[in-house]
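Below, the structure written as structure tokens:
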């Protein structure tokens, strides 16, 4: 079951930013309806980041959509910096985007900034919803080169409405991993330091240029309202809080997500974990259906699947291995054995199928079945999906491949 609360301790970046929680995901996704083209990072200032997504220098809508999908995957599914870098490399190559800055530095800045601000904004919504009377500034011990001022603020307890937080609520600088903890009836309340302005940055001393604001401040109520919609299981975060996006943008975002190398990797890794009897999620989402998918399935089966996502089911992975994993028996059918590497093709198959057909009803559940098929290389890949109304999913039931040797 999903834990709504982020960790209260402050381990390394991988420990905090890779454990998504509802308010964090809700904050980021309410920004996706406003993808902002820019030339430089200063084109979008402070609170504007609460309601819009940008990557400095990214000006084309389809490029922004792909980058937003990669960042969203990292936030909502806890993918690593390494996985994000792989996605970023694929996106920039596909779009021919000549971004500024060295690859490792640029990807770390984008990844860490979005992880940190979404975490902070989600945490702010929680702090306000819980009505803590006081907040405590916590410096992270994981930072290799701590800022002197940030160390000095560690343990500072102030009223939740103290003006200090307007500019100092963390993160308040590039790479900052500080955070805030809620307190009620603290033994000791401190005094805010003098608000001396650094003439080089225009911000209070110790705050980086452009960081003197409270991430999520202008949308806390919206985030709390979104997060109040129950998301009981972790896998449900993959499709939560996207319903308010314009239909065309939602379609673009869904396709962008399936285009990511990390989505292909996730499908392969999920199959591998199931087959090796290792820990795995209850389902592996492959993203929301597009409006085109919804229309086609309505036409074929008379089903309303708006808001549904595609998902891989562990029982189907085991079934596929049993029924379509043997080289000899598949050869007799004019097919080839399915391997875990073949699961990497599923996102491409779902994004641009050659055919979507009515596959009747399930023999075990009597639920409607839909088949997606596509020729990739010399092989024809076919994935049969079962309609699950309660979970709002089309879930894999079987997968087979024709034509290969």
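In the numbering used here, the protein residues as written are 2 to 406.
Backbone N, C-alpha and C define an ideal beta-carbon position, used for all residues, glycine too.
Have a look at the DSSP bridge pairing and note the partners of residue i.
| i | result |
| --- | --- |
| residue 135 | 160, 184 |
| residue 337 | 402 |
| residue 285 | 313 |
| residue 198 | 205 |
| residue 36 | 54 |
Which term fits residue i, buried or exposed, when burial requires 16 or more other beta carbons within 10 angstroms of its beta carbon?
| i | result |
| --- | --- |
| residue 139 | buried |
| residue 15 | For residue 15, the predicted model reports a pLDDT of 36, less than 50, meaning its position is unreliable and no value from the coordinates is stated. |
| residue 198 | exposed |
| residue 106 | exposed |
| residue 283 | exposed |
| residue 342 | exposed |
| residue 397 | buried |
| residue 50 | buried |
| residue 407 | The chain is shown only over 2 to 406; residue 407 falls outside these bounds and no answer can be derived. |
| residue 1 | Look at the range of the chain in this structure, 2 to 406, and you will see that residue 1 is not part of it. |
| residue 85 | buried |
| residue 73 | buried |
| residue 295 | buried |
| residue 204 | buried |
| residue 391 | exposed |
| residue 201 | exposed |
| residue 180 | buried |
| residue 134 | exposed |
| residue 186 | exposed |
| residue 5 | For residue 5, the pLDDT reaches just 47, beneath the cut-off of 50, and the residue's location in the model is therefore unreliable, leaving the point undetermined. |
| residue 237 | buried |
| residue 313 | buried |
| residue 89 | buried |
| residue 102 | exposed |
| residue 252 | buried |
| residue 1 | The shown model of the chain, from 2 to 406, leaves out residue 1, and the question about it has no answer. |
| residue 286 | buried |
| residue 189 | exposed |
| residue 61 | exposed |
| residue 400 | buried |
| residue 104 | exposed |
| residue 59 | buried |
| residue 263 | buried |
| residue 121 | buried |
| residue 248 | exposed |
| residue 265 | buried |
| residue 114 | buried |
| residue 93 | buried |
| residue 323 | exposed |
| residue 331 | buried |
| residue 157 | buried |
Who are the near neighbours of residue i in its chain, counting only those whose CB is closer than 7 Å to its CB and skipping five residues on each side?
| i | result |
| --- | --- |
| residue 70 | 254, 257, 258, 261 |
| residue 227 | 27, 31, 242 |
| residue 183 | 128, 131, 133, 136 |
Give the range of the alpha helix (DSSP H) segment to which residue i is assigned.
| i | result |
| --- | --- |
| residue 24 | 23 to 30 |
| residue 169 | 165 to 169 |
| residue 60 | Looking at the DSSP string, residue 60 is not in any alpha helix (DSSP H), and its letter there is neither H nor E. |
| residue 268 | 262 to 276 |
| residue 295 | 292 to 302 |
| residue 153 | 149 to 154 |
Could you spell out the range, first to last residue, of the beta strand (DSSP E) harbouring residue i?
| i | result |
| --- | --- |
| residue 310 | 310 to 313 |
Which residues in the same chain have their Cβ closer than 6 Å to the Cβ of residue i, if we skip the five residues on either side of it in sequence?
| i | result |
| --- | --- |
| residue 24 | 123, 126, 127, 224, 228 |
| residue 375 | 350, 354, 355, 382 |
| residue 144 | 178 |
| residue 170 | 215 |
| residue 48 | 214, 219 |
| residue 82 | 112 |
| residue 289 | 240, 255, 310 |
| residue 119 | 25, 28, 29, 76 |
| residue 152 | 140 |
| residue 422 | Nothing can be reported for residue 422: it is not among the residues displayed for the chain, which extend from 2 to 406. |
Apart from the five residues on each side of it in sequence, which residues of its chain come closer than 8 Å, Cβ to Cβ, to residue i?
| i | result |
| --- | --- |
| residue 52 | 31, 32, 35, 219, 220 |
| residue 366 | 387 |
| residue 302 | 359, 369, 371, 388 |
| residue 352 | 256, 259, 260 |
| residue 109 | 82 |
| residue 206 | 150, 197, 198, 199 |
| residue 320 | 398, 399 |
Fully enclosed by the region 341 to 401, which beta strand (DSSP E) runs are 3 residues long or longer?
-> 356 to 362, 369 to 377, 380 to 389
Segments assigned alpha helix (DSSP H), at least 4 residues, entirely inside the region 211 to 251 | 221 to 228
Run through the region 62 to 140 for me and flag every whole alpha helix (DSSP H) of 4 or more residues, listed as ranges in chain order.
-> 62 to 78, 82 to 96, 104 to 130
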